[in-house]
Structures are given as C-alpha cells and as structure tokens.
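Student:
Numbering (the UniProt record's numbering), first residue to last: 1 to 190.
(1) Using only CA atoms, which one of 25, 188, 19 and 17 lies nearest to residue 140?
(2) With residue 94 as the anchor, note down where its beta strand (DSSP E) starts and where it stops.
(3) Measure from the alpha carbon of residue 135 to the alpha carbon of each residue in 9, 50 and 14, then state which is nearest.
(4) Where does the unbroken alpha helix (DSSP H) through residue 47 begin, and where does it stop?
(5) Can you list, in chain order, the stretches of the alpha helix (DSSP H) that have 4 or more residues and sit fully within the stretch 129-163?
(6) Any contact between the stretch 75-91 and the stretch 121-137? By contact I mean 3 or more CB pairs, one from each, below 8 Å.
(7) Taking 8 Å as the limit between beta carbons, can you name the residues of its chain near residue 30, skipping five residues before and five after?
(8) What is the residue span of the beta strand (DSSP E) that residue 187 lies within?
(9) Which of helix, strand or coil does DSSP assign to residue 53?
(10) Can the beta-carbon of residue 132 be found closer than 9 Å to that of residue 145?
(11) With a cut-off of 8 Å on the beta carbons, I'd call residue 112 and residue 94 a contact; round off their distance for me.
(12) As a quick exercise: from 33, 154, 12 and 57, pick the residue whose alpha carbon is nearest that of residue 188.
(13) Hey, would you say residue 28 sits closer than 9 Å to residue 181, going by beta carbons?
(14) Are the CB atoms of residue 40 and residue 62 within a distance shorter than 9 Å?
(15) Taking just the CA atoms, how far does residue 185 sit from residue 50?
(16) Rounded to the nearest angstrom, what separates residue 168 and residue 42 at their Cα positions?
(17) Going by Cα to Cα distance, which pick from 157, 56 and 152 is closest to residue 173?
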C-alpha cells in the first residue's frame, strides 16, 4: 500500500467514526492548535483492520498542543474539564508538549530536552504506531505521523528507540496487552 493510500484510508476510517469526528470538531472550536493523539487513533484503525466496531465511550483520549507561553501551562486541566463537559463518558488527558521536559523522566531518571514542536514530541513516543496526532482544520483532517502509517496499517508493533529504552517499551506492551487485545498484531523485534 502506498503512503498516499494509507493516508486516504486513514482519513476514510476516521471520518466513519462519528464520535471521533464530533471530538475533532469540538476540539477545533476550543483550541485550534490542539490534536487528538496516540492510542485512540491507533485503536480506531486497528479495530477497523480487525473487522471490529470501535466504541469510544469510556475510553481515554489524549489531547496534545504546543504553546511555550507559561500561562498556557495552566489551561491543561481547564481544557480537559471543557472537553469532559461535552463528552462526559470519555477520560481526557490534555498535555502541553512545550513543558513535558519539566516532569518527564526516562527510566534512568534523566530529563529530556525541551520539545520544539508537536512533530518533535511525536518523534520520541515509545511506538511508531502511537506517534500520531490529528486535528480538524478548515474542515480538513490534518495528520502528523513522523513514522508514516505503514506500521499502523500493516499491524506491526515497533519500538521507537529515540527516547525510551526497550525495557520501557516491553513494560508498555505488557501493561497495555497489545498482543492479547489485537490478535492480528505482530511484534517487530529490534
């Protein structure tokens, strides 16, 4: 499958998810620079590829944005509360990526360098298939996927060594039970 076909298929699958589209629309109205990211996007695609219906109720949705303004740091919880008002059955995790370096620690207890953008943040996430961010801008879906979409559509779980150790990746695999929940998924060893 060519990258453009992956991108087209991604958009088609997302547009067929009414709750996700409502979330993206509301997000665009609340904070135009915010993205839905990570697991929910991965799961929508994986469920489709497994032939399953994906229900978004009682799930966690990650929302990310990048704003170096110190006052923007304080809006994370306010932003999550606003989203909760619109979608009470969803658990919201809102993170300003500009300040992740202030609290994130590696498994060696080291801090990371300050992130410079959403793209930079995604390039450090633990799995290639998790490094996804999507927003609605001018009625168009805008996707950031620094590793592309091939692993996602080929159901390949691959460690991204740019920040986390393989041990952290393995812990995530076990805690999230990727291989148990998604039987068509294959682990790509480093």
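Ideal placement from N, C-alpha and C gives every residue a C-beta, glycine not left out.
Tutor: From the atom records:
(1) On the chain shown, residue 140 is found 140 positions in, with the first residue counted as 1. Per the Cα distances, 25.
(2) By one-based count along the chain shown, residue 94 stands at place 94. Its beta strand (DSSP E) spans residues 91-96.
(3) Taking the chain shown and counting its residues from 1, one reaches residue 135 at position 135. Ranking the options by Cα distance to residue 135, first place goes to 14.
(4) Position 47 of the chain shown, counted from the start, is the residue given in the question as residue 47. That run of the alpha helix (DSSP H) goes 39-50.
(5) Runs of the alpha helix (DSSP H) inside the stretch 129-163: 150-153.
(6) Three or more Cβ pairs closer than 8 Å define a contact, and the stretch 75-91 falls short of that threshold against the stretch 121-137.
(7) Within the chain shown, numbered from 1, the residue matching residue 30 stands at position 30. Same-chain partners within the cutoff: 79, 82 and 83.
(8) Start at 1 with the first residue of the chain shown, and residue 187 comes out as number 187. First-last of the beta strand (DSSP E) with residue 187: 186-188.
(9) Here residue 53 is taken as the residue at index 53 of the chain shown, counted from 1. Residue 53: coil per DSSP, three-state reduction.
(10) Here residue 132 is taken as the residue at index 132 of the chain shown, counted from 1. Here residue 145 is taken as the residue at index 145 of the chain shown, counted from 1. Against a cut-off of 9 Å, the Cβ pair of residue 145 and residue 132 comes out as a contact.
(11) Position 112 of the chain shown holds residue 112. Position 94 of the chain shown holds residue 94. The Cβ separation is near 19 Å, so there is no contact.
(12) Within the chain shown, the letter at position 188 stands for residue 188. Taking only the C-alpha atoms, the option nearest residue 188 is 154.
(13) Your numbering for residue 28 matches position 28 in the chain shown. Your numbering for residue 181 matches position 181 in the chain shown. No; because the gap between Cβ atoms is not below 9 Å, this pair is not in contact.
(14) Along the chain shown, one-based indexing puts residue 62 at 62. Along the chain shown, one-based indexing puts residue 40 at 40. Going by C-beta atoms, residue 62 is nearer than 9 Å to residue 40.
(15) As a position in the chain shown, residue 50 is number 50, starting the count at 1. As a position in the chain shown, residue 185 is number 185, starting the count at 1. Each residue's Cα considered, the two are about 9 Å apart.
(16) The sequence position of residue 168 within the chain shown is 168, counting from 1. The sequence position of residue 42 within the chain shown is 42, counting from 1. Those two C-alpha atoms are separated by around 19 Å.
(17) One-based indexing of the chain shown puts residue 173 at position 173. Ranking 157, 56 and 152 by Cα distance to residue 173 puts 157 first.
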